[in-house]
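From first to last, the protein sequence lines stand for chains F, P, H and C.
Counted from 1, the first sequence has number 234 at position 235 by numbering that gives the first Met the number 0; the numbering is strictly sequential.
Counted from 1, the second sequence has number 252 at position 253 by numbering that gives the first Met the number 0; the numbering is strictly sequential.
Counted from 1, the third sequence has number 137 at position 138 by numbering that gives the first Met the number 0; the numbering is strictly sequential.
Counted from 1, the fourth sequence has number 58 at position 59 by numbering that gives the first Met the number 0; the numbering is strictly sequential.
Below is one structure; the comments refer to it alone.
There are 4 protein chains.
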Amino acid sequence: MKKDRIRYLFIFVLFFVICKADNLKVRTEFNFPNILDYKTLKCDFHMHTIFSDGAVWPPTRVKEAWRRGLDAISITEHVEYKPYKEDVPIHHNRSYELAKNKAQQRDIILIQGAEITRSMPPGHLNALFVKDAEKLTVEDPIKAIKAAAKQGSYIFYNHPGWKSQRPSGIPKWFSEHEQLYQKGWLKGVEIANYNEYYPKVMKWMHNKNLTILGNSDVHQPVNEVWKFHKGEHRPMTFVFAKSRTKDAIRDALEKGRTAAYFENKIMGRKKYLLPLFKNSIEVITKNLDYNPKKKYNLQIHNSSDIDYKLKIKRKNQNVDAPESINLAAKKTTLFPVSIQNKVHREKRVIMRYEVQNMFTNYNEHLNYKLKFNIVSE
Amino acid sequence: MKKDRIRYLFIFVLFFVICKADNLKVRTEFNFPNILDYKTLKCDFHMHTIFSDGAVWPPTRVKEAWRRGLDAISITEHVEYKPYKEDVPIHHNRSYELAKNKAQQRDIILIQGAEITRSMPPGHLNALFVKDAEKLTVEDPIKAIKAAAKQGSYIFYNHPGWKSQRPSGIPKWFSEHEQLYQKGWLKGVEIANYNEYYPKVMKWMHNKNLTILGNSDVHQPVNEVWKFHKGEHRPMTFVFAKSRTKDAIRDALEKGRTAAYFENKIMGRKKYLLPLFKNSIEVITKNLDYNPKKKYNLQIHNSSDIDYKLKIKRKNQNVDAPESINLAAKKTTLFPVSIQNKVHREKRVIMRYEVQNMFTNYNEHLNYKLKFNIVSE
Amino acid sequence: MKKDRIRYLFIFVLFFVICKADNLKVRTEFNFPNILDYKTLKCDFHMHTIFSDGAVWPPTRVKEAWRRGLDAISITEHVEYKPYKEDVPIHHNRSYELAKNKAQQRDIILIQGAEITRSMPPGHLNALFVKDAEKLTVEDPIKAIKAAAKQGSYIFYNHPGWKSQRPSGIPKWFSEHEQLYQKGWLKGVEIANYNEYYPKVMKWMHNKNLTILGNSDVHQPVNEVWKFHKGEHRPMTFVFAKSRTKDAIRDALEKGRTAAYFENKIMGRKKYLLPLFKNSIEVITKNLDYNPKKKYNLQIHNSSDIDYKLKIKRKNQNVDAPESINLAAKKTTLFPVSIQNKVHREKRVIMRYEVQNMFTNYNEHLNYKLKFNIVSE
Amino acid sequence: MKKDRIRYLFIFVLFFVICKADNLKVRTEFNFPNILDYKTLKCDFHMHTIFSDGAVWPPTRVKEAWRRGLDAISITEHVEYKPYKEDVPIHHNRSYELAKNKAQQRDIILIQGAEITRSMPPGHLNALFVKDAEKLTVEDPIKAIKAAAKQGSYIFYNHPGWKSQRPSGIPKWFSEHEQLYQKGWLKGVEIANYNEYYPKVMKWMHNKNLTILGNSDVHQPVNEVWKFHKGEHRPMTFVFAKSRTKDAIRDALEKGRTAAYFENKIMGRKKYLLPLFKNSIEVITKNLDYNPKKKYNLQIHNSSDIDYKLKIKRKNQNVDAPESINLAAKKTTLFPVSIQNKVHREKRVIMRYEVQNMFTNYNEHLNYKLKFNIVSE
């Protein structure tokens, strides 16, 4: 019997697959607000399937992304590293081809990508908006990157402090990176990858005006790695895009309108993090009666998915307020405040906090002024 | 550059993969007791990978099995249905070869298997303990099954009421099955598969002395299908085996020492279900003082993973006890009992319950006598 | 030593209590939308403390309400039934007095209430907006209710099918109720109480223009009764009020602007349930290309806390759509739709569903038309 | 109408209360093994009700204890501090009297207790096995303690580093304590109370042969304070008792057979902690084939409720094993081990770990030797 002729089977088996796949078609959205005039897209631009060294079939990456609230992904197979090639013949564009139909059905933005996987320097780099990944199979790493750039790819430096290549864990900007950067080919860098985080990359973001990204680099099924039901999430890139389209993502990446979301931290430029924070919270109690004897229970609601950890920056002598406040994700938090006699003639009270888990530079937190009006009773 | 020559990359990339895979090496054991002189092995003898129409790489099935408390699995690729053959050249034994090393590392019993996938009758059948799946690619279904039997395979009838082949959902025993059964090739049948359950199969178990099985038939990553953190589980077969070995599993399958565990139900022969139930529970309160005025709060602990649903079978006129009791999984349950005056001279009180979610035949539940001693105060 | 003189202790012990109480000051908001020009307030108008037969100190009821997302509560002690009177001397207004300071601090609307607790008929009735509960201690039930009415109380009939008074479980409107109703004293009725639900009350709502309520009637700490972390909630009354004030609640109760939320059901008038449903969901996919061959995966987001269970009401011959759809709470749900050839010239496709768990009358569900535009590709 | 005469109401209202209370009669057992010849009883000897400054009715403390897996509790009202005395007339033995019937029904060991509540020194002390708490209302603290001792009470020092009395948080042993200790009245001390932990108390345990305790000192309903569904637990005392009786608890307290369980830590004497740890775990992989090239995945099962955090103490030069291992509660954990060539002639490999979250003295952890046999293949 020829294996590829059992046609009569196809109809019912196809039906079988469809029926079973219908099972769990539920998506959990992320709760992060849009900012300024941009949509806050949740993106993961680094992941693998069986077409390099991942453990899943490409459309599964789309289904995972849909179920877990992402807007855009890129499947970035290693161009050079194909451990399964004995079983899965090499075809560098194939992941994208196999996944794109599912992406369209689920309204997931799928960006063709590839990972150029070399020893350090320059290490591993991802190319997004690739047109033909076959052309990246060039031995010289600089030439491979050039080939990607020529296709109009957006290229970023992966896990620059990855322990396998940088045992210290401290990211390093090699002359090779400077060369690629000077040529205008290298425009971004991962500040978070899988289970690693490289705080020093914040300096590069500012000094070189690089775009920062956070990506999962997932190889296994995502559900085996992160306990989503316990609030865990994959590392991801927030892209502040004019619309929910591929072009708008490209535009945002080019202009550095991103933030990285890793574990319970968000890293990015102050101009995006401040509105992201402000749009996440609602100060429910806005006015305090002027009454120095009264203990107030102030309420702030945080509608986002992240616990914001506030720590007092400069004590206001007129107000007794907590040193630190945890604004729990998707909850309203109560904290006690009392006014001192001295506040008498002021109309407004400002408490200066910093958001400990939002980073605007290396070791710098987002500052936030919590303001209340003092009103006559 | 030739794609398969970038050797220098292999060392560090391999290390990369190993590091990341180390992440979540935690296994959740099932809590079902051993019975009689047998170990209660938790087995799933039906699943797919990218080598037929599944979505994962074969070793991932082993990792899933380990993490989720299984003892033994079989990867049973469709011999005839290979929708990914354009990308994954057909090689019927390959899943097993790729998974067996991981199985050894994790101490998971991996049984080579294959699914013979035809239109009804005889529909789909699984062969376990296959030696060479290549030999099953025979056009005539009976001959294909014969080829499997000749290799010493253990063969069972898959999802006999599967809606794609049996729109009524009612399992049917065709003459083809009778023929295979008469020849001694067909020895078992699935009573539960994926999200379907076929109660009528219990009659076949008794009438034909067939072995019943429950299997997942999973195609996607298991975590996408079942919410394990909410107590969901894949369908599985309890195999009551003399030891935790491949041979002992074979022996148990041959002798019908199995039960099927599907959603919140267990199906099997009374001789196995009764000790399974009894070994799961501990009646904490054993003696009641003779005191007809007293309301007792009796406590029963259920150490298993399943809620046992008890319903009164025959009311004992001497005891006021609840009509139904839910013995919550892994909890101690309290329920009120009071003794009537008439009980005076009795030494023992028996309350006859049936376990609503344990089935010993079609529409027949396991019976259980809850006994207490009446003692003088 | 005189017990009430150990003054030196008070300072630090008070501080002690404050410190510990600071611990878990986190509130989980309900997610139900406002409708029309009204705020959807979440209210529970029936509960007990140690001042009748409850198990907690009155301010604890306020803290529970705050933590669990309520806007307004009433503590309704039994006027007549005081099992703890040996330890807690009777004082019918005391619960309210003890709780009101905590209510102000937490911004919970506390409405003074009392439960007039008699044998059936008229059974138990709650009076809200009570001014002096001492005056309700009158032997004749009608006179007791009259006393409440004279204070300007809002009176409703509690758990009319409560099994202790109505073993059938079927609510009954006695002549005593008719008498109270005719006098204009009895204006509302509980359709849900604790773990009971009385569907027939929907008829009374329509025939007598009564206001329906759902209340917890909780005696134990709420966390012992409902597993909030698993999505369980106490029965409650949605009050559609012009503002978040006591007066606005009164106004809404008088005018019947309520719905009852019990387990996974909502009961109320169509004019409130329809906007409640519509404001809960967002149909993400609004336009379908005209393409009869295409299988669409439509997405609907449900931002509310309840799973809406949709069932097809009348099949649209031009559309293949699911018989039933579960719109999971706080999730986006995907379901397949395909257009028939016949749809060709239509501009709009309507699918008629009913929301199985929203009741607008006895055995009547809310109807909903799901609409899509057919656009040229 | 006289308030205490409405007799006709009592029957059905009582029934009402019983029905509702039937709801959630489920107990979650703790999973900690018995050790040596002792039962490991889970006890909480410090809590309050409305009879001092707590928020619940006394029998509720018994129900909470039963539902949450405790074996024994003591309700320890402040003798001097009665903020609710205006509403709840003072009666120092009343909590115990009201709770004891419920304790008998639920098989909870209820030990009568009281808290002698003074400024520091001697601060607050608990007396267990009190006979008449009325006799403790003596102004001089030493005399009050003497009165307790004379009744045969077991007395311990509460929260010795409690911040309200010791702003430093560092526990202090005052001369008053020494005096009480010398007289043989003061025999124990809390090392953990509510949300505080005092590591220095471990020194007192050894130097003065004091019994250590961990207690909740809970005032609110326990479910408001600890998220049991997330694995949180109240602080408690493990009592290693010859039987599950009041007398056996007394005996164990006198002889120092206790450990304290606070958050994810256990504190106690090595002779109890070592068997507690050993009986909690099962080393599944016991034998390693002699094969220096092989990477082993060893499995250890932890059947207890606590994650044990292992850290390597002294590196074995013959084995490559992880620096730290987290043995997750109620899970099996896998970790990689490889043998060096040098191991050749050894029969046994020992890896020396310390259990980071088990404390046997101030800053001293429990040591544990993980042993494997090397066998010929």
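By construction, the Cβ of each residue, glycine as well, lies at the ideal position given by its N, Cα and C atoms.
Quick caveat: nothing in here was measured; it's all calculated off a predicted structure.
The segment 160-179 of chain C / the segment 281-296 of chain C touching (three or more Cβ pairs under 8 Å): no
7 Å Cβ cut-off: residues of chain F touching I49(P): Residue numbering aside, residue 49(P) sits at position 50 when the second sequence is read from its first letter. Within chain F, the residues near I49(P) are I49 and W56.
Exposed unless 16 or more other CB atoms sit within 10 angstroms - verdict on Q316(H): Position 317 of the third sequence, counting from 1, holds the residue named residue 316(H). Label assigned to Q316(H): exposed.
Residues near F29(P) in its chain [Cβ-Cβ closer than 7 Å; skip 5 each side]: Taking the second sequence and counting its residues from 1, the one referred to as residue 29(P) is at position 30. Answer for F29(P): K41, G68 and D304, listed in chain order.
CA nearest to the CA of F31(H), picked from F371(H), R256(H), N278(H) and T210(H): The sequence position of residue 31(H) within the third sequence is 32, counting from 1. The option with the nearest alpha carbon to F31(H) is N278(H).
Neighbouring residues, chain C, relative to R93(H) (Cβ below 8 Å): For the purposes of this step, residue 93(H) is taken as residue 94 along the third sequence, with counting starting at 1. Correct list: D86.
Selection from H176(F), K24(F) and K38(F) that minimises the alpha carbon distance to W378(F): The displayed coordinates of chain F run from 0 to 376. Any statement about residue 378(F) would go beyond what the structure contains.
Whole-number beta carbon distance between H218(C) and G53(C), since they are thought to touch under 8 Å: For the purposes of this step, residue 53(C) is identified with residue 54 of the fourth sequence, where counting begins at 1. For the purposes of this step, residue 218(C) is identified with residue 219 of the fourth sequence, where counting begins at 1. Going by Cβ atoms, the distance from G53(C) to H218(C) rounds to 5 Å, so yes, they are a contact pair.
Amino acids of chain F, ordered along the chain, whose beta-carbon sits closer than 9 Å to that of T59(P): Mapped onto the second sequence, residue 59(P) falls at position 60. Those are A54, V55, Q219, P220 and E223, listed as they occur along chain F.
When G255(F), I144(F) and E281(F) are compared against A240(F), the one with the closest alpha-carbon: As a position in the first sequence, residue 240(F) is number 241, starting the count at 1. For the residues G255(F), I144(F) and E281(F), the minimum Cα distance to A240(F) belongs to G255(F).
Host alpha helix (DSSP H) of N206(P) (start-end): For the purposes of this step, residue 206(P) is taken as residue 207 along the second sequence, with counting starting at 1. Note, N206(P): alpha helix (DSSP H), V200 to K207.
Continuous alpha helix (DSSP H) stretch holding N222(C): start and end: Here residue 222(C) refers to the residue found at position 223 of the fourth sequence. Note, N222(C): alpha helix (DSSP H), V221 to V224.
Separation of E353(H) from I311(H), as counted between CA atoms: Translated into positions along the third sequence, residue 311(H) becomes position 312. Translated into positions along the third sequence, residue 353(H) becomes position 354. If you take the alpha carbons of I311(H) and E353(H), they lie about 6 Å apart.
Spatial distance of P321(P) from V87(H) (CA atoms): Position 322 of the second sequence, counted from the first residue, corresponds to residue 321(P). Position 88 of the third sequence, counted from the first residue, corresponds to residue 87(H). Distance between the alpha carbons of P321(P) and V87(H): 35 Å.
Contact with chain H by H228(C), beta-carbon distance below 8 Å: Numbered from 1 along the fourth sequence, position 229 holds the residue referred to as residue 228(C). Interface residue, yes.
Residues from the segment 312-325 of chain P in contact with chain C, defined by Cβ distance under 7 Å: none
Outcome for H228(F) when other beta-carbon atoms lying within 10 angstroms are tallied against a minimum of 16: Counting from one through the first sequence, the residue named residue 228(F) turns up at place 229. The residue is exposed, with fewer than 16 neighbouring Cβ atoms inside 10 Å.
Among Y95(F), T359(F) and Y180(F), nearest to E133(F) - alpha-carbon criterion: Translated into positions along the first sequence, residue 133(F) becomes position 134. That would be Y95(F), whose Cα lies nearest to the Cα of E133(F).
Boundaries of the alpha helix (DSSP H) in which K370(C) is found, first to last residue: Here residue 370(C) corresponds to residue number 371 of the fourth sequence, with the count starting at 1. No alpha helix (DSSP H) contains K370(C), which is instead part of the beta strand (DSSP E) from E363 to V374.
Buried versus exposed call for R268(C) [16 or more other C-beta atoms within 10 Å across all chains shown]: In the fourth sequence, the residue the question calls residue 268(C) occupies position 269. Looking at its Cβ environment, which holds 16 or more other Cβ atoms inside 10 Å, R268(C) is buried.
Opposing strand residues paired with A240(F) [DSSP bridges]: In the first sequence, residue 240(F) corresponds to position 241, counting from 1. Its beta-bridge partners are K38(F).
F44(F) - partner residues in DSSP beta bridges: By 1-based counting over the first sequence, the position of residue 44(F) is 45. BP columns for F44(F) are empty, so no partner.
Where K130(F) sits in the DSSP three-state scheme: Looking up residue 130(F) in the first sequence gives position 131. Coil.
Reduced DSSP category for Q298(C) - H, G, I as helix; E, B as strand; rest coil: Along the fourth sequence, read from residue 1 onward, the residue named residue 298(C) stands at position 299. Looking at Q298(C) - three-state DSSP - the assignment turns out to be strand.
Cβ shell of N340(H) (< 8 Å), same chain only, five flanking positions each side left out: Position 341 of the third sequence, counted from the first residue, corresponds to residue 340(H). The residues are P291.
Minimum Cβ-Cβ distance from F31(P) to chain C less than 8 Å: The count along the second sequence starts at 1 and reaches residue 31(P) at position 32. Output row for F31(P): interface = no.
Proximity test, Cβ basis, 8 Å: I5(P) and chain F: Counted from its first residue, the second sequence places residue 5(P) at position 6. Interpretation of I5(P) is limited by its pLDDT of 40, a score under 50 that renders its predicted location unreliable; the figure taken from the coordinates is listed afterwards. So yes, I5(P) belongs to the interface.
Segments assigned beta strand (DSSP E), at least 3 residues, entirely inside the segment 165-194 of chain P: 185-192
Own chain partners of N22(H) with C-beta closer than 6 Å, once the 5 adjacent residues on each side are dropped: Locating residue 22(H) in the third sequence gives position 23, where the first residue counts as 1. Caution applies to N22(H), whose pLDDT of 44 falls short of 50 and renders its modelled position unreliable; the value that the coordinates give is listed next. Closer than 6 Å at the Cβ level, and outside the excluded window around N22(H), lies no residue.
Cβ-Cβ separation, N222(H) to N192(H) (assumed contact under 8 Å), whole Å: For the purposes of this step, residue 192(H) is taken as the residue at position 193 of the third sequence. For the purposes of this step, residue 222(H) is taken as the residue at position 223 of the third sequence. Rounded, the Cβ-Cβ distance is 19 Å, inconsistent with contact.
Close Cβ partners of G112(C) (< 7 Å) along its chain, the five nearest in sequence each way excluded: As a first step, residue 112(C) must be located in the fourth sequence, where it is residue number 113. Hits under 7 Å: F44, S73, I74, T75, N125, A126, L127 and V129.
DSSP state of L333(H) mapped onto helix, strand, coil: In the third sequence, counting from the first residue as 1, residue 333(H) sits at position 334. Reduced to three states, the DSSP call for L333(H) is strand.
CB contact flag (K308(P), N296(P), <8 Å): Here the question's residue 308(P) lines up with position 309 in the second sequence. Here the question's residue 296(P) lines up with position 297 in the second sequence. Against a cut-off of 8 Å, the Cβ pair of N296(P) and K308(P) comes out as no contact.
For A143(P) and I115(P), believed in contact at Cβ under 8 Å, the rounded distance: As a first step, residue 115(P) must be located in the second sequence, where it is residue number 116. As a first step, residue 143(P) must be located in the second sequence, where it is residue number 144. Yes, I115(P) and A143(P) are in contact; Cβ-Cβ is about 5 Å, under 8 Å.
Amino acids of chain F, ordered along the chain, whose beta-carbon sits closer than 9 Å to that of R233(H): Numbered from 1 along the third sequence, position 234 holds the residue referred to as residue 233(H). Within chain F, no residue comes near R233(H); the closest Cβ sits about 18 Å away, beyond 9 Å.
Closer than 7 Å at the beta carbon, the chain P residues around N296(C): For the purposes of this step, residue 296(C) is taken as residue 297 along the fourth sequence, with counting starting at 1. Chain P residues near N296(C): Q104 and R105.
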